[in-house]
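Below is one structure; the comments refer to it alone.
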Amino acid sequence: MSKSILFLAHVSDAGNTLPKTSYEVLGTALKLTKQFGARLTIGLIGADVTAAAETIAAAGADRILAVSGPDFATARYASDAAAAEAICRSAGAELILAPATSRFMRSLAGVAHRLNGCVDTHVTTLEAVNGELCATRWHYRQRIEGVFRRSARPWIMLLESGCEAAWTGQPAAAKIEEIPVTLPKAATRTVVTGVRAPKSDAQTIRPDANLLFVAGAGWTKKQADGKPHVDVAEKLILDFLRVSGASLGGSKSLVDQSGESEAVLGFMTHLNQVGQTGSTPRHAKGLSTCCHGEEPHVVGWRFINERRAVNLDPNCGWARGKADVLYIADAFEVVAKLNALLAEKSRISSEAVVSQD
Amino acid sequence: MTNGYHIVVCGSVVPDPLQTLEPVATPNGPALKNEMMLPAVLDPWAAHALYEAADLASKVAGSKVWLVSVGPKAKLQQVMMTIAQRVNFEFVPVDSSASGFADAHSTAALLAETIQGIAELDPWRLLVFGGWESASRGAGATMQLLGERLEILDQFQGVDQLRVLADGSFEVLERIEGGRHQVSVCQGAPALFGWATGNLPEPRNNPQVGMANMRTVMPALLRAKPAPLPTGGWHFLSASPPKQQRQTRVVKDLSPDQIAQEIAEWVGK
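Each protein sequence line maps, in turn, to chains H and V. Quick note on numbering: the working numbering labels position 41 of the first sequence as 192, and the sequence is numbered without any gaps. Quick note on numbering: the working numbering labels position 43 of the second sequence as 69, and the sequence is numbered without any gaps.
Shown next as structure tokens:
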């Protein structure tokens, strides 16, 4: 039976709220607090946490702890680890729940070591079983699901997005206990200088998009006339992303082509790669086109709820048993028609908005 | 940087991604069915780290690369037959489990002990490389835990680029949300880098490199002692592959217009 739970978060890039997934983790923390009859502490890190703290002040935590100041504005390992360590020690919690943001994924494992505790990342479910907390996460890149518990404490768990309903509540005044942390000189050898977007002309990775569009190597292969049409493929895919607002994923074979001197889609980088050695993004819907292959590729849309595929091969392993609908058709033709339809739909709805105004 | 870097790459073996993986229960927790029979490869992100390390070492005179691998000796030997032909390194194997169900804390402890045992290493020239996550455990925790044990405060994960600047400092690009990179400047070694894919292609096999490496690889494998990995209080209740099989509706008789119409309606719902 755990007596104290710490919900740990950092402020978002905007500075006045928390990353979206943090509210989902807060929902989980509140659920467990109730199940275990525990005390909940909130810990926040950022340049100024006041506005973000107000968004969750109504959650009913016993304490809200914070480490703030210019030194903690950016995601730097040394300062984030020092801040999280100070909050964890002050809270004295046995269970520490945090969102699996890139910032925390880069620092909280180190904090677990400093606290002589343990850490688990990419956690998808937390459940109380016979009074003990059990966690679920994937092993072998989303191919085997493990359910486990740990005896070491404190136990830091980084939870994935999309696994729990987000907590919602009205903003309220927050009573924040500031914990002073002075960084040693050795912790300031690294300076974060900025953020750089990928080389793509357009932003193609959109984590909050409703739809994931997966492009396979077929887009760059010879078509019915015996020639590849990479330029046409590029235009079709970018147009689709523009009119649909979808995020773009690519199969490994397509992404790797740039290193093999084959025709490539100019905007496709390793950051777009989904699958066994890429990412496994979470979107409500997924549409795969010109993809082929088996399990290593299919893990790329393990967390996509509704899936459809367009492929010329009716026996494609990417789709059979993995997709809800498999259209046997030429993706070049289908996506061209689809773009026209979505563009028309977009035009009609924007005209409707204008006429209402 | 006049004396070069001492680059230690941590990377182990994982089952070839094309293999079907089936979990089985053992007295020591979950394992893979016929695990020792499965063909293995060097963990993909660790492989990128190795290639980046070799590239950096080739550009900075006086640098040297070590590859520290925790895994079953037979599997390490198999993988070295190909990896050793690609880039120059000194191999430091540890005969232990490379399972995806092994505890990251125990693996990090073993790695730290092994690295600290390399007599030649200068901690002020040390760069620790590895994959930001493995294709087995996939936790992204081992490198951080290792860095803490080696008391390295400058750590970077999801690294796609490391550039040595004129004053000896590093510019580092780390992956963050939305397909973007965070840019940092670090004053220099010691530092730890958990690599994503980087930017280098896979080096071609070079038999001369292979022959040079194998002079140290085989004796090192012979010397490697078995090292147990404690479970660290990690207790599995189950390990199972996903069972969900969808009833795919195969649509063969619609025109592109009709398919586009159907998809457009679905996208808009």
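Built from N, CA and C at the ideal position, the CB exists for glycine as well.
For threonine 242(V), the uninterrupted alpha helix (DSSP H) segment begins and ends at 233-249. Burial is judged here by how many other beta carbons sit within 10 angstroms of a residue's own beta carbon; serine 173(H) has at least 16 and is buried.
For alanine 226(H), the closest alpha carbon among the candidates Gln142(V), Arg151(V), Gly164(V), Val211(V) is that of Val211(V).
Using a C-beta cut-off of 8 Å, the segment 325-339 of chain H makes no contact with the segment 389-408 of chain H, since fewer than three inter-stretch Cβ pairs fall below that distance. For valine 415(H), the closest of Leu392(H), Val394(H), Gly367(H) by C-alpha to C-alpha distance is Gly367(H). For glutamate 146(V), there are no C-beta contacts with chain H under 7 Å, since the nearest C-beta of that chain is about 24 Å from it. Shown here, valine 105(V) sits in a helix according to DSSP, grouped into three states.
Annotation for valine 332(H): no alpha helix (DSSP H) segment contains it, and DSSP assigns it neither H nor E. The Cβ of serine 162(V) sits closer than 9 Å to at least one Cβ of chain H. According to the DSSP assignment, histidine 74(V) belongs to the alpha helix (DSSP H) that extends over 70-85.
In the three-state scheme derived from DSSP, where H, G and I count as helix and E and B as strand, methionine 62(V) is classed as helix. Counting C-beta pairs closer than 8 Å gives fewer than three between the segment 176-195 of chain V and the segment 293-310 of chain H, which falls short of the contact rule. Here aspartate 359(H) is exposed. Its C-beta has fewer than 16 other C-beta atoms within 10 Å. With respect to chain H, the C-beta atom of threonine 133(V) has no partner C-beta closer than 9 Å.
Under the Cβ distance rule, methionine 256(H) counts among the residues neighbouring chain V, one pair being separated by less than 9 Å.
Around the beta-carbon of glycine 194(V), fewer than 16 other beta-carbon atoms lie within 10 Å, marking it exposed.
Residues of chain H with a Cβ closer than 9 Å to the Cβ of histidine 207(V) are, in chain order, Val346, Arg347, Ala348, Pro349, Leu422. Among the CB atoms of chain V, none fall inside 9 Å of the CB of arginine 433(H). Separation of the CB atoms of proline 282(V) and lysine 488(H) is rounded to 5 Å, and the pair is thereby assigned contact status at 8 Å. Taking the C-beta atoms as reference points, isoleucine 196(H) is found nearer than 9 Å to alanine 217(H). Between the segment 228-247 of chain V and the segment 110-130 of chain V, the count of Cβ pairs shorter than 8 Å is three or higher; the stretches touch. If you draw a straight line from the Cα of threonine 179(H) to the Cα of leucine 309(H), it is about 11 Å long. Just measuring C-alpha positions, the residue of Glu48(V), Tyr31(V), Gly55(V) sitting nearest histidine 261(V) is Gly55(V). For arginine 254(H), no beta strand (DSSP E) segment is defined; the enclosing uninterrupted segment is the alpha helix (DSSP H) at 253-256. Inclusion of glycine 220(V) and glycine 164(V) in the CB contact set at 9 Å is not warranted, their separation being larger than that value. Along the segment 207-225 of chain V, going in chain order, the ones with a CB nearer than 9 Å to a CB of chain H are His207, Gln208, Val209, Ser210, Val211, Cys212, Gln213, Gly214, Ala217, Leu218, Gly220, Ala222, Thr223, Gly224, Asn225. Residue pairing by DSSP places asparagine 462(H) opposite Ile479(H) in a beta bridge. Within its own chain, the residues whose Cβ lies closer than 8 Å to the Cβ of asparagine 232(V), once the five positions on either side in sequence are excluded, are Gln111, Arg112, listed in chain order. Residue environment analysis places tryptophan 150(V) among the exposed positions, since fewer than 16 neighbouring C-beta atoms fall within 10 angstroms of its C-beta.
When DSSP states are grouped into helix, strand and coil, isoleucine 144(V) belongs to the coil group. At a beta-carbon threshold of 7 Å, the residues of chain V lying near cysteine 285(H) are Leu263, ordered along the chain.
About 16 Å separates the beta carbon of glutamine 104(V) from that of alanine 72(V), a gap too long to meet the 8 Å contact definition. By the 16-neighbour rule on beta-carbons within 10 angstroms, arginine 288(H) is buried. Uninterrupted beta strand (DSSP E) stretches at least 3 residues long and entirely within the segment 126-186 of chain V occur at 152-157, given in chain order.
Per the DSSP secondary-structure output, proline 252(V) pairs in a beta bridge with Asp121(V). Scanning chain H for C-beta atoms nearer than 9 Å to the C-beta of glycine 184(V) yields Ser253, Met256, Arg257, reported in chain order.
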